[in-house]
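Engineer: So that we are looking at the same thing, I have put the structure below in structure tokens.
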Amino acid sequence: MPNQRPLTNKIRIIAGSHRGRRIPILDRPGLRPSPERVRETVFNWLQNEIAGAAVFDAFAGSGAMGLEALSRGAGSALFCDNDSQTLAAIRNCLQEWHIGHARTLQSDALTLSNSPTRYDLIFLDPPFDAHLHQAAIDKFAGDAWLKPYGKIYVESAEKLENLSLKTGWQWLKSARAGQVYFGLLGRSDD
């Protein structure tokens, strides 16, 4: 019987300079990459804001959101996750795809000190079972992490309306795909 290689689950980059490239999905607890349909909708929302953007993928997992942003022209990306194996897979993609304007950080995103960098876009997609969405929004919605017109993407198994927002913040866009609720959070217009 010939040697059989184990099947690796992969998802693809939808658009941009790395369109069609595959991202490996490791079999890790809580790892659930954003579905293609969700990513396509989100990046359609952001199409005029991605070019040159500084992006922070706070619960990177597979790195799908940050890698998609880089493919579509984001200026830089920081991928943060507490799992060394998922970060190694992201680093492999960055190296194979010759992306030099990105870095990885192994850490619990919720324990990070305030960032010296302000981001245009922060992706918040923690493992659904960990129930970290509220804590993540509380931490990252503000001047310590975002530029004045920065936005936060949130993906959850719970309705977004159930999450409390700081004064001056609102859902700019939101949608649902199957069991996934997702939206863009930004500052309210005064």
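Numbering (numbering that gives the first Met the number 0), first residue to last: 0 to 189.
Even glycine gets a Cβ: it sits at the ideal position worked out from N, Cα and C.
1) Could you pull the start and end residues of the alpha helix (DSSP H) that W144 belongs to?
2) Given a threshold of 16 other Cβ atoms within 10 Å of its Cβ, counted over all protein chains shown, does S70 qualify as buried or as exposed?
3) Just verifying my parser: in three-state terms, what is the DSSP assignment at N81?
4) According to DSSP, is L70 helix, strand or coil?
5) Rounded to a whole number of angstroms, what is the C-alpha to C-alpha distance between D189 and G60?
6) Along the chain, which unbroken stretches of the beta strand (DSSP E) at least 3 residues long are found entirely within the segment 26–76?
7) Between the Cα of H143 and the Cα atoms of D128, K172, L111, which residue gives the shortest distance?
8) Could you tell me whether the segment 110–124 touches the segment 90–98, using the rule of 3 or more Cβ pairs below 8 angstroms?
9) Could you check how far apart the C-beta atoms of I12 and L66 are, in whole angstroms? I think they sit under 8 angstroms.
Structural biologist: In terms of the structure at hand:
1) It is not in any alpha helix (DSSP H) - W144 carries neither H nor E in the DSSP assignment.
2) Under this definition S70 is a buried residue.
3) coil
4) It is Ser, not Leu, that sits at residue 70 in the sequence shown. Helix, per DSSP.
5) Low local confidence applies: a pLDDT of 40 at D189 is under 50, so the model's placement there is unreliable, with the coordinate-based value given in what follows. Cα-Cα distance, rounded: 35 angstroms.
6) 53–56
7) Going by the sequence as given, residue 143 is Ala instead of His. Among D128, K172, L111, the Cα nearest to that of A143 is on L111.
8) no
9) Between L66 and I12 the Cβ distance is about 6 angstroms, and since that is below 8 angstroms, they are a contact.
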